[in-house]
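This report concerns only the one structure given below.
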Amino acid sequence: MTDHQALAALLFPDVTTTPRDWLERYPPRPLPEGAQVTRFAPSPTGFVHIGSIMASLVSRRVAHQTGGVFILRIEDTDKKREQDGSVEMIVRSLLNFDLAPDEGIISIDPEVEAGSYAPYTQSERGEMYWAFAKYLVEKGLAYPAFDTEAELDQTRKLQEAQRVKPGYYGRWARWRDASLDDVQARLAAGEQPVIRVRAPFPAEGRAKFVDAIKGPLDLPENDQDAVLLKSSNRLPTYHFAHVVDDTLMRVNLVIRGDEWLPSAPLHVQLFDFIDQPLPTYAHVAPIAKMDGSSKRKISKRKDPEANVAYYYEQGYPVQAVTEYLLNLANSDFYDWRKANPTAPNSEFEVKLDRMGVASPLFDPVKLNDISKDIIATYTAEQVFDYAINWAGQYNPRLVAILNLDRAYSLKVFNVERTGEAPRKDIVNWSDIERACGLFFDDLFNEAIAANGYPFPNVEAAAIEKILGRGMSFDPAQPKEEWLAAMRAYAEELGFARDVKTFKKDPTAFKGHFGDMMMVLRVGLSGKTNTPDLYEMQQTLGVDRVQQRLKRAAEYVRERAL
Ligand code: GLU
27 MTDHQALAAL LFPDVTTTPR DWLERYPPRP LPEGAQVTRF APSPTGFVHI
77 GSIMASLVSR RVAHQTGGVF ILRIEDTDKK REQDGSVEMI VRSLLNFDLA
127 PDEGIISIDP EVEAGSYAPY TQSERGEMYW AFAKYLVEKG LAYPAFDTEA
177 ELDQTRKLQE AQRVKPGYYG RWARWRDASL DDVQARLAAG EQPVIRVRAP
227 FPAEGRAKFV DAIKGPLDLP ENDQDAVLLK SSNRLPTYHF AHVVDDTLMR
277 VNLVIRGDEW LPSAPLHVQL FDFIDQPLPT YAHVAPIAKM DGSSKRKISK
327 RKDPEANVAY YYEQGYPVQA VTEYLLNLAN SDFYDWRKAN PTAPNSEFEV
377 KLDRMGVASP LFDPVKLNDI SKDIIATYTA EQVFDYAINW AGQYNPRLVA
427 ILNLDRAYSL KVFNVERTGE APRKDIVNWS DIERACGLFF DDLFNEAIAA
477 NGYPFPNVEA AAIEKILGRG MSFDPAQPKE EWLAAMRAYA EELGFARDVK
527 TFKKDPTAFK GHFGDMMMVL RVGLSGKTNT PDLYEMQQTL GVDRVQQRLK
577 RAAEYVRERA L
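Residue 587, in our numbering, is where the sequence shown stops; the numbers in between run on with no holes.
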């Protein structure tokens, strides 16, 4: 037995399996050539970042485009950061965005897993990490270290004072070449070591690989004796778990945040040390936003839009967020959308090499525009169903309002929806009250109580007459006839028939035809910007039109006194 083997036996007396055993247990997947196996590997920290949804969207699409598999794996080796309910929150987020994983944790019940590469929760995979760690120790490629926090601190200070690179490496790595006896003595005293990789020192090689987004990379070889297994719970660090899990789950494409790029040389080294092929990496730049004149990544602490919960609360349709994220991921998405206005976005081919090396900018205006466009393509029934569904969770009063008279609500959502150029006024479901509130009496009354009627500058007597005339509205009268009659009435009341005539001699008129129609619009809705007046009257119906105009007339009368 070599010293290395003796050391491994000392450290892992109960570990009887080898990497080979695990590799046999989890054989290469029977997938077509070129199939990409990808994964989303979040830590259960109680927060789902919109950037993770973008990365999951890309990972899932690329997997499915190639006949591969998209896995959800839970990285719960940092028990301190873990929050209750996080796994459920992660799964729900994926399901909400139509990103159901094919394999791994596929249900909000974390006990339910799918796939034959289980378990998919890292804290349940201890034996596999230990087998690989034992193997590395046997090969002299890893070793135990018993440094205390105080000792590591001391090293850091010395390195600072000497202005050398910080870290645990080369001659600073106190346990790198410790004797078997020293290790044995510490173990006998009940101390728990960390297991560190023995990185080459001096490291003169290069870590070279082709990143699917960033292109060919050529980085200095890792020379840090990074921790692979922690002392507290013997669970792996991210680095070791990544290498072991992605190997055993046969993941061949690792799409992850580019904050991991600096540790990629360590990962390249570890794949090499365990004699396994390097997966393809795709390092994704984080979504950023403009903060004044500088660009910064959107942050969980500062920006509500970093949190997926924001999109649910605001009621953005999944399709809108999905298309917005596709456009952040592949900026040619919109050209495709223009060329294929009605195709499902799943037909768009996501390409990693079209993802930007620089951070894409989050633009709330663009998100809103996309969302408006998409909602404009929905039928009134779809709008009704989505809105009720959203409101059930976020605005119970709206549920009651919309359900009061379903047929009426559908009529409201159908206003200017079916023609050539449908109205694009609803941004998201929380915007329904603003965009359509005028049609619903409770919301209308509230708006009037708060803001009154923004009538144009027309004398009160004329306003009363116009409102009175509006009351005789006959829904059977075709639009053109009604317009002609209103124009004639405008002249009769002393309004110019159009703006041009009015402008020639403003003093000769009470206003122009547009002013007259505005009086009617405001009287009916309390707003100056509304859907088409004729359609609005048709939708409100005779009774409501009369009630509203009567009430507006009272308002004017009261003010005029
Ligand atoms: N748990 C890691 C994270 O949340 C996963 C990174 C990866 O995808 O490899 O950042």
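Glycine residues also receive a C-beta, built at the ideal position from the N, C-alpha and C atoms.
Outcome for residue i when other beta-carbon atoms lying within 10 angstroms are tallied against a minimum of 16
| i | result |
| --- | --- |
| K530 | exposed |
| Q180 | exposed |
| M512 | buried |
| T533 | exposed |
| A476 | exposed |
| S498 | exposed |
| K526 | exposed |
| A417 | buried |
| R589 | A question about residue 589 goes unanswered here, because the residues of the chain that appear run from 27 up to 587. |
| P386 | buried |
| N366 | exposed |
| S357 | exposed |
| N471 | exposed |
| G549 | buried |
| A159 | buried |
| S112 | buried |
| R151 | buried |
| M80 | buried |
| G445 | exposed |
| P330 | exposed |
| M27 | exposed |
| V163 | buried |
| V236 | exposed |
| S78 | buried |
| Q419 | exposed |
| R432 | exposed |
| T273 | buried |
| L184 | exposed |
| N278 | buried |
| V383 | exposed |
Proximal residues to residue i (C-beta, below 7 Å), its chain only, five neighbours per side dropped
| i | result |
| --- | --- |
| Q109 | P70, T71, G72 |
| I489 | F481, V545, V582 |
| R495 | Y515 |
| D244 | R232, K234 |
| V568 | F499, P501 |
| M316 | L387 |
| F521 | F535, K536, G537, H538, F539, D541, M542 |
| S82 | F66, L120, L125 |
| Q578 | Reading off the sequence, residue 578 comes out as Ala, not Gln. Excluding residues within five positions, the ones whose Cβ falls inside 7 Å are Y479, L493, G549. |
| K377 | N356 |
| V209 | L33, L36, P170 |
Assumed close pair residue i, residue j - CB separation to whole angstroms, cut-off 8 Å
| i | j | result |
| --- | --- | --- |
| K553 | L469 | About 11 Å; that fails the 8 Å criterion. |
| F539 | D558 | 15 Å between Cβ atoms; not a contact. |
| K323 | N333 | Not quite, the Cβ-Cβ distance comes to about 14 Å (not below 8 Å), so this is no contact. |
| S149 | T103 | 6 Å |
| Y155 | P262 | 5 Å |
| P68 | E114 | The pair is not a contact, with the Cβ atoms about 12 Å apart (cut-off 8 Å). |
| Y146 | Y52 | Not really, about 12 Å apart at Cβ, beyond 8 Å. |
Same chain only: Cβ atoms within 8 Å of residue i, ignoring 5 sequence neighbours per side
| i | result |
| --- | --- |
| D29 | L206 |
| E349 | F359, R363, N371, I396, I400 |
| N429 | I414, S435 |
| N122 | V334, Y338, V344 |
| R55 | A61, V63, V95, R276 |
| L519 | A488, K491, I492, K536, M542 |
| R182 | P192 |
| R99 | R65, F66, A67, G130, I131, Y146, T147, Q148, D271, M275 |
| E373 | N366 |
| L352 | L83, F359, N371, F374, V376 |
Other residues of its chain near residue i: CB distance less than 6 Å, five sequence neighbours each side excluded
| i | result |
| --- | --- |
| N454 | Q340, G341, Y342, S397 |
| A140 | E129, I132 |
| R547 | T556, L559 |
| A473 | G552 |
| V441 | P557, E561, T565 |
| A346 | I396, S397, I400 |
Closer than 6 Å: residue i CB and nearest the ligand PLP heavy atom
| i | result |
| --- | --- |
| R282 | This structure lacks the ligand PLP; its bound ligands are the ligand GLU. |
Only counting runs of 4 or more residues, tell me where the alpha helix (DSSP H) segments fall wholly within the stretch 503-541, in order along the chain.
DSSP runs (the alpha helix (DSSP H)) wholly in the stretch 503-541: 505-519, 525-530.
Please specify which runs of the beta strand (DSSP E), each continuous and at least 3 residues long, are wholly inside the stretch 208-256, giving them in chain order.
Counting only runs of 3 or more, we get 220-223, 232-237, 241-246, 253-255.
Considering only residues of the stretch 320-387, which uninterrupted beta strand (DSSP E) runs meet the minimum length of 3 residues and lie entirely inside it, listed in chain order?
Those beta strand (DSSP E) runs which fall completely within the stretch 320-387 and span 3+ residues are 320-323.
Those runs of the alpha helix (DSSP H) which lie wholly inside the stretch 397-431 and span at least 4 residues:
The qualifying runs are 406-420, 422-430.
Below 8 Å, how does it come out for the stretch 248-262 and the stretch 201-220: are there three or more Cβ pairs, yes or no?
Verdict: yes, contact present.
Is the stretch 307-315 touching the stretch 282-297, taking contact as three or more C-beta pairs under 8 Å?
Judged by pairs of C-beta atoms under 8 Å, the stretch 307-315 touches the stretch 282-297, as three or more such pairs exist.
Evaluate contact between the stretch 239-253 and the stretch 191-203, counting only Cβ atoms and requiring at least three cross-stretch pairs below 8 Å.
Here the stretch 239-253 makes contact with the stretch 191-203; the two share three or more CB pairs at distances below 8 Å.
Which parts of the stretch 427-484 are runs of the alpha helix (DSSP H), unbroken and 4 residues or longer, counting only runs that do not cross its ends?
As summarised for the stretch 427-484, the continuous alpha helix (DSSP H) elements at least 4 residues long and confined to that stretch are 432-440, 458-462, 467-477, given in chain order.
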